[in-house]
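Residue 4 is where the sequence shown starts when you use the working numbering, and the numbers rise one by one after that. Structure first, commentary second.
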Amino acid sequence: MVLTTSSPSDFRTNITHTLKRVAASPSAWFYAALWLASALVLGVGGAGLSVAVSLLVGCVLLLLSLLVVGTSRPVPAAVALTGGARRRVWLQLGLVLVVIVLTAWNNLAFHHVLPPGSAIPGWTVLVDWLGRLGEQWFGTGLGSVVVNPVTYVVIPLVLLLLAGARPGDRPVDGSQAAGEFRI
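Here is the structure:
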């Protein structure tokens, strides 16, 4: 592991700065309230073990997150987008949201949360075809080996590329991580 901070005081400063920003964030407080309400519902419903396990997992993730924050350089300020770049970003976000909604709806139908007639014209046909293709290639019950990568990665990637996202090379100053997309 390569540490990018120069001293233990940088480590503490990074963590302190991040915790102060999180403590001042209304979104963080909303998430915490939502999590506590969910834990209360689970606890009252007799699933106290689930609450304990998720609390333990949350603590481990918090410690790992603090380790990453403490050893990382602060991110440069975001650049405000204007004009065509701003419209492209909104288009790209909209396309990703559509794919998320389609896959979520399909998963709810797959797990019988939705009634049997809850098919999405076009999308359900595509997912069923991909599932059959996966079963032909990999065997019975393994249709998701094709469905998941195509619906979660390939389709969103193609849509984002068509909407103007382009893989970018890492700039000389290192301000963009390798593998990120330029707008």
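We treat Cβ as the ideally placed atom computed from N, Cα and C, and that holds for glycine. Computed from a prediction, not measured in an experiment: that's the story for all the values here.
Taking the runs of the alpha helix (DSSP H) that are 4 residues or longer, which of them lie wholly in the segment 13-97?
-> Annotation note: the segment 13-97 contains the following uninterrupted alpha helix (DSSP H) runs of length 4 or greater, listed N- to C-terminal: 29-47, 51-74.
Residue 147 lies in the alpha helix (DSSP H); which residues open and close that run?
-> Taking the sequence shown and counting its residues from 1, the one referred to as residue 147 is at position 144. Unbroken alpha helix (DSSP H) run through residue 147: 147-152.
Hey, does residue 167 have any beta-carbon neighbour from chain D nearer than 9 Å?
-> This model lacks chain D altogether, as it is built from one protein chain only.
Determine the direct distance from the alpha carbon of residue 16 to that of residue 153, and round the result to whole angstroms.
-> For the purposes of this step, residue 153 is taken as the residue at position 150 of the sequence shown. For the purposes of this step, residue 16 is taken as the residue at position 13 of the sequence shown. Cα-Cα distance, rounded: 42 Å.
Exposed or buried, residue 139, counting other C-beta atoms within 10 Å across all chains shown (16 or more means buried)?
-> Reading the sequence shown from its first residue, position 136 is the one you call residue 139. So residue 139 ends up on the exposed side.
Cβ shell of residue 49 (< 8 Å), same chain only, five flanking positions each side left out = As a first step, residue 49 must be located in the sequence shown, where it is residue number 46. Excluding sequence neighbours, residue 49 sits near nothing in its chain.
Output the distance between the C-alpha atoms of residue 72 and residue 12, rounded to the nearest integer angstrom.
-> In the sequence shown, residue 72 corresponds to position 69, counting from 1. In the sequence shown, residue 12 corresponds to position 9, counting from 1. If I take the Cα positions, the gap works out to 13 Å.
Using a Cβ-Cβ cut-off of 6 Å (strictly less than) and excluding sequence neighbours within five positions of residue 94, which residues of its own chain qualify?
-> Position 91 of the sequence shown, counted from the start, is the residue given in the question as residue 94. Around residue 94, the same chain offers 166 as residues with beta carbons nearer than 6 Å, after the five sequence neighbours per side are excluded.
Chain-order list of residues whose beta-carbon lies under 6 Å from that of residue 53 (same chain, five-residue window excluded) = For the purposes of this step, residue 53 is taken as residue 50 along the sequence shown, with counting starting at 1. Counting only Cβ-Cβ distances below 6 Å, and skipping sequence neighbours, we find 45.
How many whole angstroms separate the CB atoms of residue 159 and residue 102, which I take to be in contact at a CB cut-off of 8 Å?
-> The residue given as residue 159 occupies position 156 in the sequence shown. The residue given as residue 102 occupies position 99 in the sequence shown. Indeed, because the Cβ distance is near 5 Å, the residues count as touching under 8 Å.
May I ask which residues mark the beginning and end of the alpha helix (DSSP H) holding residue 127?
-> Looking up residue 127 in the sequence shown gives position 124. Going by DSSP, residue 127 is part of the alpha helix (DSSP H) stretching over 126-141.
Spatial neighbours of residue 31 within its chain, please: CB distance less than 6 Å, with the 5 preceding and 5 following residues excluded, ordered by chain position.
-> As a first step, residue 31 is located in the sequence shown; it is residue number 28 there, counting from the start. Contacts found: 25.
From residue 169 to residue 162, what distance separates their C-alpha atoms?
-> The count along the sequence shown starts at 1 and reaches residue 169 at position 166. The count along the sequence shown starts at 1 and reaches residue 162 at position 159. The C-alpha of residue 169 lies about 11 Å from the C-alpha of residue 162.
Would you call residue 130 buried or exposed, if buried means 16 or more other Cβ atoms sit within 10 Å of its Cβ?
-> Within the sequence shown, the letter at position 127 stands for residue 130. By the neighbour-count definition (other C-beta atoms within 10 Å, threshold 16), residue 130 is a buried residue.
Distance, residue 70 Cα to residue 57 Cα | Position 54 of the sequence shown, counted from the first residue, corresponds to residue 57. Position 67 of the sequence shown, counted from the first residue, corresponds to residue 70. Cα to Cα, the separation comes out at about 20 Å.
Straight-line gap, residue 109 to residue 99 (C-alpha atoms, nearest Å) = Counting from 1 along the sequence shown, the entry for residue 109 is found at position 106. Counting from 1 along the sequence shown, the entry for residue 99 is found at position 96. C-alpha of residue 109 to C-alpha of residue 99: approximately 15 Å in a straight line.
Euclidean distance between Cα positions of residue 27 and residue 62 = Numbered from its first residue, the sequence shown carries residue 27 at position 24. Numbered from its first residue, the sequence shown carries residue 62 at position 59. Approximately 20 Å, taken between the alpha carbons.
Between residue 124 and residue 115, what straight-line distance do the alpha-carbon atoms span, to the nearest angstrom?
-> Position 121 of the sequence shown, counted from the start, is the residue given in the question as residue 124. Position 112 of the sequence shown, counted from the start, is the residue given in the question as residue 115. Distance from the CA atom of residue 124 to the CA atom of residue 115, rounded to whole angstroms, is 18 Å.
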